[in-house]
Amino acid sequence: MKIAKPWAIALCAVALCAAAGVSMAGDRHHGDPILPNILTFDSMYGVDGPFLGEANAIRGVVGDEAPWTIDHFIRGRLSKGGRLQIVVRGLVFGDDPELVPPELIGKNDEETFRGLVSCLTEEGETVVTRNVTTDGFPADVNGNSFIDAKIDLPNPCVAPIVFVMAGSEDKWFAVTGFEREEEGEDATGGRR
Numbered sequence: 131m132k133i134a135k136p137w138a139i140a141l142c143a144v145a146l147c148a149a150a151g152v153s154m155a156g157d158r159h160h161g162d163p164i165l166p167n168i169l170t171f172d173s174m175y176g177v178d179g180p181f182l183g184e185a186n187a188i189r190g191v192v193g194d195e196a197p198w199t200i201d202h203f204i205r206g207r208l209s210k211g212g213r214l215q216i217v218v219r220g221l222v223f224g225d226d227p228e229l230v231p232p233e234l235i236g237k238n239d240e241e242t243f244r245g246l247v248s249c250l251t252e253e254g255e256t257v258v259t260r261n262v263t264t265d266g267f268p269a270d271v272n273g274n275s276f277i278d279a280k281i282d283l284p285n286p287c288v289a290p291i292v293f294v295m296a297g298s299e300d301k302w303f304a305v306t307g308f309e310r311e312e313e314g315e316d317a318t319g320g321r322r
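Quick note: the sequence shown, position 130, residue 260 per this note's numbering, numbers continuous.
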């Protein structure tokens, strides 16, 4: 039985990735024309270090006060038509006993995750930041969720940044970006 368990987990992961890919490719079946992507991404950075709290907010978006990590992966895309899709797998509290209660390390305590797109745009002769947030999408205790929303992007939308936000407050858990792996981590940011 123990031999079958890794195979079952791998098979489930492949099935989830395939389902997400089909869903992300299937916009034409939902009545939306397929529009080119502004942004696609295969990595995000979990809030940590100096990004925690209000001191170093990104475009006015405050990081959570506790560190978060991505145990598996986060992939997504943003289309010119405002379709935001993010496949979230394993977005959970980091291992920091000073900031995270022991019972929450490696878990998610939010019932929903939201997506937020931050764009620079024009207001007369001035450049301003416009942030657009989705509704909440169910998230489980293992930090898994699928955000799939149509949002009204500002025009123009320059230098977009995508965040995964808490469902219950305006704080980010993950943002487009990466941190070079330390020894003992794999390319997704998870531990080997």
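Positions of the beta carbon are idealized from the N, C-alpha and C atoms, including for glycine.
Would you please state the rounded distance, in angstroms, between the beta carbons of residue i and residue j? I believe it to be under 8 Å.
i, j, result
"V222", "T199", "6 Å"
"G224", "P180", "In fact, because the Cβ distance is near 14 Å, the residues do not count as touching under 8 Å."
"M174", "V305", "6 Å"
"R189", "S248", "4 Å"
Compute the distance between the beta-carbons of residue i and residue j, then report whether it is under 8 Å.
i, j, result
"S209", "N167", "yes"
"C205", "D172", "The sequence shown places Arg at residue 205, rather than the Cys named in the question. Result yes, Cβ atoms of R205 and D172 sit closer than 8 Å."
"V177", "F303", "yes"
"D201", "G245", "no"
"F293", "A269", "no"
"T251", "V288", "yes"
"P290", "L165", "no"
Nearest to residue i by CA position, among the options, is which residue?
i, options, result
"Q215", "K280, A296, E233, V305", "K280"
"V192", "E312, E311, A296", "A296"
"D282", "D265, S298, F276, S275", "D265"
"F267", "L250, G212, P227, E241", "E241"
"D194", "R310, E312, E299", "E299"
"D278", "N186, A187, V217, G183", "V217"
"P286", "G211, N186, V230", "G211"
"L182", "L229, R207, F203", "L229"
"A187", "K301, P227, K237, R207", "K301"
"P284", "E312, K237, E253", "E253"
"R213", "E311, R310, T263", "T263"
In the DSSP output, which residue or residues are listed as bridge partners for residue i?
i, result
"G236", "In the DSSP output, where bridge partners are listed per residue, G236 has none listed."
"R207", "T170, Q215"
"D278", "Q215"
"L221", "I200"
"N261", "S248"
"E299", "None, per the DSSP bridge assignment."
"V192", "K301"
"A269", "S275"
"F243", "F267, A296"
"V288", "L250"
"G179", "Paired residue(s): none; G179 is not in a bridge."
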